[in-house]
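J.:
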Amino acid sequence: MTPLPTTIPAIVRSRVKAAARRTDRTRRAAPLTPQEAEARAVLLRLLSLLLQYPDTELAAARPVLTATVEAMAPSPAADHLTAFTRWFTEQEPEALERHYVEMFDLRRKSSLYLTYYLHGDTRRRGMALLTLAQRYRAAGWDIDGGELPDHLPVVLEFAALTGPGRGEAPLRQHRRGLELIHHALTDADSPYRNVLAALLTLLPPPTEADLAAVAELAAQGPPEEEVGLDPYGAHGDGEFAPPGNHGAGEGARAGGHGAGTFTRSGSYGAGEFAPPGTFVPPEQAPTTLTPPLSPPEGRR
Numbered sequence: 015m016t017p018l019p020t021t022i023p024a025i026v027r028s029r030v031k032a033a034a035r036r037t038d039r040t041r042r043a044a045p046l047t048p049q050e051a052e053a054r055a056v057l058l059r060l061l062s063l064l065l066q067y068p069d070t071e072l073a074a075a076r077p078v079l080t081a082t083v084e085a086m087a088p089s090p091a092a093d094h095l096t097a098f099t100r101w102f103t104e105q106e107p108e109a110l111e112r113h114y115v116e117m118f119d120l121r122r123k124s125s126l127y128l129t130y131y132l133h134g135d136t137r138r139r140g141m142a143l144l145t146l147a148q149r150y151r152a153a154g155w156d157i158d159g160g161e162l163p164d165h166l167p168v169v170l171e172f173a174a175l176t177g178p179g180r181g182e183a184p185l186r187q188h189r190r191g192l193e194l195i196h197h198a199l200t201d202a203d204s205p206y207r208n209v210l211a212a213l214l215t216l217l218p219p220p221t222e223a224d225l226a227a228v229a230e231l232a233a234q235g236p237p238e239e240e241v242g243l244d245p246y247g248a249h250g251d252g253e254f255a256p257p258g259n260h261g262a263g264e265g266a267r268a269g270g271h272g273a274g275t276f277t278r279s280g281s282y283g284a285g286e287f288a289p290p291g292t293f294v295p296p297e298q299a300p301t302t303l304t305p306p307l308s309p310p311e312g313r314r
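Plus 14 on top of the position in the sequence shown (first one is 1) and you've got our numbering.
#1: Classify histidine 94 as helix, strand or coil using the three-state DSSP reduction.
#2: On the DSSP letters alone, give me the boundaries of the beta strand (DSSP E) that aspartate 324 sits inside.
#3: Are the Cβ atoms of tyrosine 131 and proline 236 separated by less than 8 Å?
#4: Report the residue from Arg138, Arg59 and Ala53 whose alpha carbon sits nearest the alpha carbon of valine 168.
#5: For histidine 196, which residues of its own chain have a beta-carbon under 7 Å away from its beta-carbon, when the five flanking residues on both sides are left out?
#6: Since I believe leucine 216 is in contact with alanine 91 (beta carbons under 8 Å), could you give me their beta-carbon distance rounded to a whole number of angstroms?
#7: Got a sec, what are the start and stop residues for the alpha helix (DSSP H) histidine 196 sits in?
#8: Among residues of its own chain, excluding the 5 on either side of arginine 41, which ones have a beta-carbon nearer than 6 Å to its beta-carbon?
#9: The alpha helix (DSSP H) that contains aspartate 224, what's its start and end?
#10: Could you have a look at tyrosine 206 and say whether DSSP puts it in helix, strand or coil?
#11: Take alanine 73 and list the residues in its own chain whose beta-carbon comes closer than 6 Å to its own, dropping the five residues that flank it on each side.
#12: Report the rounded CA-to-CA distance for glutamate 238 versus alanine 152, giving the unit in angstroms.
#13: By the DSSP assignment, the alpha helix (DSSP H) with proline 163 in it spans what residues?
#14: Can you check whether the CB of phenylalanine 118 is closer than 8 Å to the CB of leucine 126?
#15: Under the rule that 16 or more other beta-carbon atoms within 10 Å means buried, what is arginine 317, buried or exposed?
#16: Alpha helix (DSSP H) containing methionine 141: first to last residue?
#17: Exposed or buried, what is leucine 129 when buried is set at 16 or more other beta-carbons lying within 10 Å of its beta-carbon?
#18: Within the same chain, show all residues whose beta-carbon is closer than 8 Å to that of histidine 133, passing over the 5 residues directly before and after it, in chain order.
#19: Measure the CB-CB distance between valine 83 and threonine 96 and report whether it falls below 8 Å.
#20: State the start and end residues of the unbroken alpha helix (DSSP H) segment that holds glutamate 50.
#21: Mapping the DSSP letters down to three states, classify tyrosine 114 as helix, strand or coil.
#22: Taking DSSP as the reference, what is the three-state secondary structure of tyrosine 130?
#23: What residue range does the alpha helix (DSSP H) around threonine 82 cover?
#24: I need the DSSP call for aspartate 119, collapsed to helix, strand or coil.
#25: Consult DSSP for alanine 173 and reduce its assignment to one of helix, strand or coil.
Given below as structure tokens:
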């Protein structure tokens with residue numbers, strides 16, 4: 015893997031570990047120039063960082079992130095991020111943490127777990143998580159962190175590492191969920207709406223079918239399990255418990271957790287992280303020697 019360009023600030027590089035990438039036999043010629051591809055990767059990594067929980071490390075890096083946004087070429091995405099970082103740098107760290115938890119941990123329509131909008135808390139979501147984790151591995155990356163593979167900062171980081179075609183496919187697949195998050199943040203008058211707006215400028219415009227599906231999703235919510243018990247536990251009075259982050263709040267966030275970063279793909283050993291939804295065989299019990307059965311009566 016070639017070194018990351020020096021134009022990417024250290025705070026962005028520090029969240030990603032280099033990995034040996036497998037050859038992509040289906041890769042086609044990218045329509046972007048190398049300079050455009052580099053700028054797009056920087057933008058995607060910035061979006062990933064800005065959508066992570068604003069822990070002490072991220073709060074301390076605000077001047078670096080703001081300077082990076084100011085150095086971007088003029089574009090609609092840059093305008094949206096300029097508006098966001100202006101607010102981001104003015105807030106007290108505790109206020110940032112409270113706002114983040116309120117927007118993303120406690121609100122159903124602005125959760126950052128993308129497969130929830132397609133599948134709800136159903137068994138199909140488990141398969142979608144497994145498929146997404148396998149997509150990461152096929153591209154030569156493994157998640158090295160505590161988040162599910164559909165957490166938006168993780169998906170954005172994968173897009174930055176892998177490139178516009180295959181890397182951004184999960185973003186295109188979950189376009190309707192991203193639209194709903196943006197609408198919810200706009201309705202809540204949250205400055206984070208600017209981060210989602212910047213992301214949406216990178217995707218194809220929504221179709222009429224997309225907009226109709228988003229309206230239906232906003233009105234009716236995601237799919238529900240049709241048979242059996244709720245696989246993730248009942249939530250009283252129809253309240254939403256954020257998918258993949260049950261019980262999270264300011265106390266649970268105290269230690270901070272960013273996006274699951276990516277590390278070298280390979281077989282899982284003792285203590286290594288396996289992507290959520292991936293089956294990891296249990297360790298075999300030690301062999302136990304048992305005495306032979308006594309012969310039955312009459313057989314000597």
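Ideal Cβ positions, reconstructed from N, Cα and C, are used throughout, including at glycine.
T.: So, to answer that:
#1: In the structure shown, histidine 94 adopts helical secondary structure according to DSSP, grouped into three states.
#2: The question about residue 324 has no answer, for the chain in this structure spans 15 to 314.
#3: Yes; because the gap between Cβ atoms is below 8 Å, this pair is in contact.
#4: With distances taken between Cα atoms, valine 168 lies closest to Arg59.
#5: Here the set comprises Arg207, Leu210, Ala211 and Leu214.
#6: Sure, about 7 Å apart at Cβ, within 8 Å.
#7: Boundaries of the alpha helix (DSSP H) around histidine 196: 189 to 201.
#8: For arginine 41, the predicted model reports a pLDDT of 47, less than 50, meaning its position is unreliable and no value from the coordinates is stated.
#9: First-last of the alpha helix (DSSP H) with aspartate 224: 222 to 234.
#10: DSSP places tyrosine 206 in coil when its eight states are reduced to three.
#11: Within the same chain, alanine 73 has close Cβ partners Pro107.
#12: Counting only the Cα atoms, alanine 152 lies some 30 Å from glutamate 238.
#13: Premise fails: proline 163 is in no alpha helix (DSSP H) and is neither H nor E.
#14: Taking a C-beta distance under 8 Å as the contact criterion, leucine 126 and phenylalanine 118 qualify as a contact pair.
#15: No information on residue 317 is available, as it lies outside the stretch 15 to 314 that the chain covers here.
#16: Boundaries of the alpha helix (DSSP H) around methionine 141: 137 to 152.
#17: The amino acid occupying residue 129 in the given sequence is threonine; leucine does not appear at that position. Under this definition threonine 129 is a buried residue.
#18: Non-local C-beta neighbours of histidine 133 in its own chain, meaning closer than 8 Å and more than five positions away in sequence, comprise Arg139, Ala142, Pro236 and Pro237, ordered along the chain.
#19: Less than 8 Å separates the beta-carbon of valine 83 from that of threonine 96.
#20: Glutamate 50 -> alpha helix (DSSP H) spans 48 to 64.
#21: The answer is helix: DSSP assigns tyrosine 114 an H, G or I state.
#22: The DSSP-derived three-state label of tyrosine 130 is helix.
#23: Threonine 82 -> alpha helix (DSSP H) spans 76 to 84.
#24: In this structure, DSSP gives aspartate 119 a helical state, which the three-state scheme calls helix.
#25: Three-state DSSP puts alanine 173 in a helix.
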